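J.: Let me begin by handing over the structure; questions about it come next.
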Amino acid sequence: MNWNSCERQIEAIIFAAGEPIELSRIAQALDLEENVVRHCIHRIRERYLEHQSPFDLAILDDAVQMCTLPEYGDVIRSALELRRTAPLSQAALEVLSVIAYNQPVTRSFVEQVRGVDCSSIVRSLVEKGLIEEAGRLNIPGRPIAYRTSPGFLRSFGLTGLEQLPNLPDDAEEEDPQEPEQLEGQMDFFEL
Amino acid sequence: MNWNSCERQIEAIIFAAGEPIELSRIAQALDLEENVVRHCIHRIRERYLEHQSPFDLAILDDAVQMCTLPEYGDVIRSALELRRTAPLSQAALEVLSVIAYNQPVTRSFVEQVRGVDCSSIVRSLVEKGLIEEAGRLNIPGRPIAYRTSPGFLRSFGLTGLEQLPNLPDDAEEEDPQEPEQLEGQMDFFEL
Amino acid sequence: MSMETLNFTVAQYEAPLDLILHLISKHKLDILDIDISSLLEQYLETIESWKTQNLEVASDFLEMASRLVYIKTVSLLPRHEEEHEKLRQDLTGQLIEYSICKQAAKTLGSVYIGQDIFVREPAPIEFDPAYTLTHPAGVLLAALADAMGKGARRLPPPREAFEPLINRPIVSVTAKIFTVLRALRTDGRVKVDRLYRMNTDRSGMIATFLALLELIKSGKVALYHDQVELTFPHQNLEEPNS
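Chains as they are written, first to last, in numbering that gives the first Met the number 0: chain A, 0 to 190; chain B, 0 to 190; chain C, 0 to 241.
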C-alpha cells in the first residue's frame, strides 16, 4: 500500500467516524503501525493547508477528528440555522394536533390514530420545543406521556389550551353514523 | 468573493450539515445565485476526482450531501467495527421499487401490486430512511402517501428520480395486451 | 432435510403471485391466456407438497388457492363466459404488474450501494433548535382531521376503519321487510324510490334493496308500472286510480 492510498483510507475512516476516533483503531483496521498512521495524518493536514481546504484533522490525546477551520464557523452557522427553520411537515402537524387535542398522550396513542410509526417526528417536536414529556402514564409499560409546551402556544398564537379551535363535535352529534372514532379512542384507554 | 473562497465555504457548509442540505439554503447563506452554488459543487467534485479524494458530494434532487466513495466501505466498516448490514431483502426491494416508480403512493397500492400485506416492510423502509411520508392523498380515507427520500437516491447512486432505470413496460407499451396495469393504477387513484 | 433448507423452500416465493409466475414459466403456460385448470392443479400440488413437508402455508397462499378455485368454478358455469374472462384477465394483469415489480426490484438491487457509502452526523453546533415560525391555530384542526381520517367523512370511509364493526349487523334486512310490508298495507302501492328515500344511509338502502329482492323472489310482492311501483300480487289485476 502506498502513502497516498493509506492517506485516502485514513481520511475516509476519520470522516465517517464523525466523533474522535483512536489512532490505534485506525492502525488496526489498516494493519499499520500507529506511528505510520500518525505520519499519514500529518501529511493529510499539510495537504489540507497547502490546498487551502476548509477542513482540518484535530488530534485530541490519542484520537483524531475531522472538523472545519474556525473561520468557517459563521457561514456554517447561518446556513444550518436557515435549515432548522423549515416549516413543520404535514406529518409533524398531524402528530402535534393529535397531542394538542388529547394531551397527555403516549406516542403509541398517536401512532394508533395515524396508523404509522411516529417516533422520529415526536423526537423532533420535543427538540423544537413544541411538545414536552408529561411524566409516565400509570398503565402497563408505564409509557411516557407528552403534552404541548409553552413554545407550542407561542407558535400558534394561543394564550392557553382552552383557545384551541373547537372541534366541530356539536354538529356531529346529530349524525348517528359517526361514533367509531370515539369508540376507538376509548378502547385504547381501556387497554 | 472569488471562486476558490466560494468553494471552500460551500465545502465547509456541506461537511458540517452532515444531512442533505438544499442548494437554495447554501445560496441564501452565502448570498449567491443557486446556479453559482451548483457550479461550485461541480468544481469541487472534479477536484475530488482529480485528487483521488475518498469523498464525493452526492447530488440528491435539490440537495447535496458529503459522503465517502463506495470502495472505502470495507475499510470504514472494519475501523468502526460495524457489521456489514444485511442487503435489502427481495421483499423490501419490491416494495421500494413500487414506491419509487409510482410515487407518491399509499401502502394499499403497494399491497395491491404485491398481493400481500406490506406494513412491516414499509415501516422498516421508513426507519432505514429510504422512504418518507409525503402528506396524504386526496382520495377517500385520506391515506398517507409515501415517496422515496434523499437517502434512497444516495443509496442507489442516483442524483434524481429521473435517473431510475427504465422499466421493461416502456418497451411493452406498444403492446395492446398490456393496458391492465395502467387501468389498475387509475382505478386506485379514482377510488 | 434441515430446518434451514425447509425455510428456504418457502422463502423462495415472496407472495402467491410469485409462485404463480414460477409455475407459469416452469410449465410453459401462456401468461396472456392462462389455462386455469392446469395452473390450479400445479398450484394445489405445490401447496400440498409444502404441507407434506410440514411447512407452514401462509394464509395468503390459501387465499390465492381459493381465488383460483373460484375462477375455475365460474368457467364451468353456463352463461358465465364474460365473468370468467374478466377474472382471468384481472389475474393476468396482476401477474404482469407483479412481474414488472420483480424486475424493477432486481434492477434496483443490482445498483444498491447504500451499505458501502458513509455519511457523517451533523456537526454539533450550538444553536437554539426551538421552533420559531408561527401559524394560525386553525391549521391544527385541519391536521387533526387528517390524522383521524375525518377529512373524508362525506365519502365512503376506508375499509380498515370499519374492520372492528364489520361483523355487526348495521341495519337488519328483516326489519326492512317489515317496513316495506307496512308501507304496502297502508298505501296499497308504493313507489320503490320512496322506499329507498326512507333511508338516510347506505347500509339502510342496501338492506332495503335486499329486503325487496327477498320479497319479490318469494312472490309476496310484485313490481308494477315499469318496475317503479310495488304492490301485493293480487293488486296486479286492478287498474291504478289514474
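Think of the CB as a built atom: it goes at the ideal place given N, C-alpha and C, for glycine as much as any other residue.
Note that the coordinates shown come from a computational prediction; the quantities given were computed from them, not determined experimentally.
Taking Ser23 (chain A) as the query, report the chain B residues whose CB atoms sit under 7 Å from its CB, ordered along the chain.
T.: Counting from one through the first sequence, the residue named residue 23 (chain A) turns up at place 24. Those within 7 Å of Ser23 (chain A) in chain B number zero; the least Cβ separation is about 10 Å.
J.: With three or more C-beta pairs closer than 8 Å as the rule, is the stretch 36-50 of chain B touching the stretch 135-144 of chain B?
T.: With a cut-off of 8 Å, the stretch 36-50 of chain B and the stretch 135-144 of chain B do not count as touching, because too few Cβ pairs lie within range.
J.: Please compile the residues from chain C whose C-beta is within a distance smaller than 7 Å of the C-beta of Ala99 (chain A).
T.: Mapped onto the first sequence, residue 99 (chain A) falls at position 100. Simply Leu139.
J.: In chain C, what lies closer than 9 Å to Gly156 (chain A) by C-beta?
T.: One-based indexing of the first sequence puts residue 156 (chain A) at position 157. Under the 9 Å cutoff, chain C gives Thr133, His134, Pro135 and Ala136.
J.: Among all the DSSP beta bridges, which residues are the ones paired with Thr131 (chain C)?
T.: Locating residue 131 (chain C) in the third sequence gives position 132, where the first residue counts as 1. Per DSSP, none; premise fails for Thr131 (chain C).
J.: Please give the ranges of any beta strand (DSSP E) in the stretch 29-99 of chain A, keeping only runs that are unbroken, at least 3 residues long and fully inside the region.
T.: List check, beta strand (DSSP E) in window: 54-59 and 62-67.
J.: Given that Arg196 (chain C) touches chain A, what residues does it touch there, using C-beta distances under 9 Å?
T.: Indexing the third sequence from 1 puts residue 196 (chain C) at position 197. Under the 9 Å cutoff, chain A gives no residues; its nearest Cβ is about 17 Å from Arg196 (chain C).
J.: Starting from the N-terminal side, write out each stretch of the alpha helix (DSSP H) that is 4 residues or longer and does not extend beyond the stretch 5-87 of chain C.
T.: Here the runs fully enclosed are 15-25, 35-51 and 58-75.
J.: Would Glu84 (chain C) count as contacting chain B if we go by Cβ distances under 8 Å?
T.: Counted from its first residue, the third sequence places residue 84 (chain C) at position 85. Not closer than 8 Å to any Cβ of chain B, the Cβ of Glu84 (chain C) fails to qualify, so no.
J.: What residues in its chain sit with their C-beta under 6 Å from that of Phe151 (chain A), if we drop five residues either side in the sequence?
T.: Translated into the one-based positions of the first sequence, residue 151 (chain A) becomes position 152. Once the five neighbours on either side are set aside, the close Cβ partners of Phe151 (chain A) are Leu129.
J.: Quick check: what's the CA-CA separation for Arg87 (chain C) versus Ile70 (chain C)?
T.: Looking up residue 87 (chain C) in the third sequence gives position 88. Looking up residue 70 (chain C) in the third sequence gives position 71. Between Arg87 (chain C) and Ile70 (chain C), the C-alpha separation is close to 7 Å.
J.: Exposed or buried, Ser109 (chain C), counting other C-beta atoms within 10 Å across all chains shown (16 or more means buried)?
T.: On the third sequence, residue 109 (chain C) is found 110 positions in, with the first residue counted as 1. With fewer than 16 other Cβ atoms within 10 Å, it is exposed.
J.: Helix, strand or coil for Glu203 (chain B), going by three-state DSSP, please let me know.
T.: No answer is possible for residue 203 (chain B): the residues shown for chain B start at 0 and end at 190.
J.: For the pair the stretch 146-160 of chain B and the stretch 61-68 of chain B, tell me if three or more CB-CB distances fall below 8 Å.
T.: Yes: the two stretches touch, three or more of their Cβ pairs being nearer than 8 Å.
J.: Which residues bound the beta strand (DSSP E) around Ile124 (chain C)?
T.: For the purposes of this step, residue 124 (chain C) is taken as the residue at position 125 of the third sequence. Element bounds for Ile124 (chain C): n/a, residue is neither H nor E.
J.: Against chain C, with Cβ distances strictly below 8 Å, would Gly191 (chain A) count as a contact?
T.: In the structure as shown, chain A starts at 0 and stops at 190, and residue 191 (chain A) therefore has no counterpart that could be examined.
J.: Less than 8 Å between the beta carbons of Asp115 (chain C) and Gly17 (chain B), yes or no?
T.: In the third sequence, residue 115 (chain C) corresponds to position 116, counting from 1. In the second sequence, residue 17 (chain B) corresponds to position 18, counting from 1. It is not a contact, given that the beta carbons lie outside the stated cut-off.
J.: Would you verify that the beta carbon of Gln180 (chain A) is, or is not, closer than 8 Å to some beta carbon of chain C?
T.: On the first sequence, position 181 is the one that residue 180 (chain A) refers to. Residue placement at Gln180 (chain A) is flagged as unreliable, the pLDDT there being 41, under the threshold of 50; the coordinate-derived value follows with that caveat. Yes, its Cβ sits closer than 8 Å to a Cβ of chain C.
J.: Within 10 Å of its beta-carbon, does Phe117 (chain C) have 16 or more other beta-carbons around it, so buried, or fewer, so exposed?
T.: Start at 1 with the first residue of the third sequence, and residue 117 (chain C) comes out as number 118. Under this definition Phe117 (chain C) is a buried residue.
J.: From what residue to what residue does the beta strand (DSSP E) around Glu126 (chain B) run?
T.: Counting from 1 along the second sequence, the entry for residue 126 (chain B) is found at position 127. Counting along the chain, Glu126 (chain B) falls outside any beta strand (DSSP E), though it belongs to the alpha helix (DSSP H) covering Ser118 to Glu126.
J.: Taking 8 Å as the threshold (C-beta atoms), are Leu136 (chain A) and Thr105 (chain A) in contact?
T.: As a position in the first sequence, residue 105 (chain A) is number 106, starting the count at 1. As a position in the first sequence, residue 136 (chain A) is number 137, starting the count at 1. Taking 8 Å as the Cβ cut-off, Thr105 (chain A) and Leu136 (chain A) qualify as a contacting pair.
J.: Would you please state the rounded distance, in angstroms, between the beta carbons of Val121 (chain A) and Tyr145 (chain A)? I believe it to be under 8 Å.
T.: Here residue 121 (chain A) corresponds to residue number 122 of the first sequence, with the count starting at 1. Here residue 145 (chain A) corresponds to residue number 146 of the first sequence, with the count starting at 1. Contact flag correct, Cβ pair sits at about 7 Å.
J.: Please check if any C-beta of chain B sits within less than 8 Å of the C-beta of Gln41 (chain C).
T.: Within the third sequence, the letter at position 42 stands for residue 41 (chain C). Cβ-Cβ to chain B under 8 Å: no for Gln41 (chain C).
J.: Hey, is Glu10 (chain B)'s beta-carbon within less than 8 Å of any beta-carbon in chain A?
T.: Here residue 10 (chain B) refers to the residue found at position 11 of the second sequence. Interface residue, yes.
J.: Express the C-alpha separation of Asp32 (chain C) and Pro15 (chain C) in angstroms, rounding to a whole number.
T.: Looking up residue 15 (chain C) in the third sequence gives position 16. Looking up residue 32 (chain C) in the third sequence gives position 33. Answer to the nearest angstrom: the Cα atoms are 19 Å apart.
J.: Under 8 Å, Cβ to Cβ, is there at least one residue of chain B near Phe208 (chain C)?
T.: Position 209 of the third sequence, counted from the start, is the residue given in the question as residue 208 (chain C). Chain B, which has no Cβ nearer than 8 Å to the Cβ of Phe208 (chain C), makes this no.
J.: If we define contact as Cβ-Cβ less than 8 Å, is Asp169 (chain B) a contact residue for chain A?
T.: The residue you call residue 169 (chain B) lines up with position 170 of the second sequence. Confidence at Asp169 (chain B) is low in this model, with a pLDDT of 46, below 50, so the placement of that residue is unreliable and no value is reported for it.
J.: Are the C-beta atoms of Asn1 (chain B) and some chain E residue less than 8 Å apart?
T.: No chain E is part of this structure, whose protein chains are labelled A, B and C.
J.: Step through the CB atoms of chain A and report whether any lies within less than 8 Å of the CB of Arg87 (chain C).
T.: Numbered from its first residue, the third sequence carries residue 87 (chain C) at position 88. No - not a single Cβ of chain A is within 8 Å of the one on Arg87 (chain C).
J.: Could you check the C-alpha separation between Arg46 (chain B) and Ser4 (chain A) for me, to the nearest Å?
T.: Counting from 1 along the second sequence, the entry for residue 46 (chain B) is found at position 47. Counting from 1 along the first sequence, the entry for residue 4 (chain A) is found at position 5. Between Arg46 (chain B) and Ser4 (chain A), the C-alpha separation is close to 17 Å.
J.: Using the Cα positions of Leu48 (chain A) and Trp2 (chain B), report the straight-line distance between them to the nearest angstrom.
T.: As a working note, residue 48 (chain A) is residue 49 in the first sequence. As a working note, residue 2 (chain B) is residue 3 in the second sequence. One C-alpha to the other measures close to 18 Å.
J.: Taking 8 Å as the CB-CB cut-off, is Glu33 (chain B) touching chain C?
T.: Position 34 of the second sequence, counted from the start, is the residue given in the question as residue 33 (chain B). Closer than 8 Å: no.
J.: What residue range is occupied by the uninterrupted alpha helix (DSSP H) comprising Glu110 (chain A)?
T.: Taking the first residue of the first sequence as position 1, residue 110 (chain A) is located at position 111. Per DSSP, Glu110 (chain A) belongs to the alpha helix (DSSP H) from Arg106 to Arg113.
J.: What are the start and end residues of the beta strand (DSSP E) that includes Gly137 (chain C)?
T.: Your numbering for residue 137 (chain C) matches position 138 in the third sequence. Looking at the DSSP string, Gly137 (chain C) is not in any beta strand (DSSP E); the run it does join, the alpha helix (DSSP H), is Gly137 to Ala146.
J.: Going by DSSP, what residue range makes up the alpha helix (DSSP H) through Leu211 (chain C)?
T.: If you number the third sequence from 1, residue 211 (chain C) lands on position 212. Segment Arg201 to Lys216, the alpha helix (DSSP H) holding Leu211 (chain C).
J.: Helix, strand or coil: how does DSSP classify Ile138 (chain B) here?
T.: Within the second sequence, numbered from 1, the residue matching residue 138 (chain B) stands at position 139. Here Ile138 (chain B) sits in coil by DSSP.
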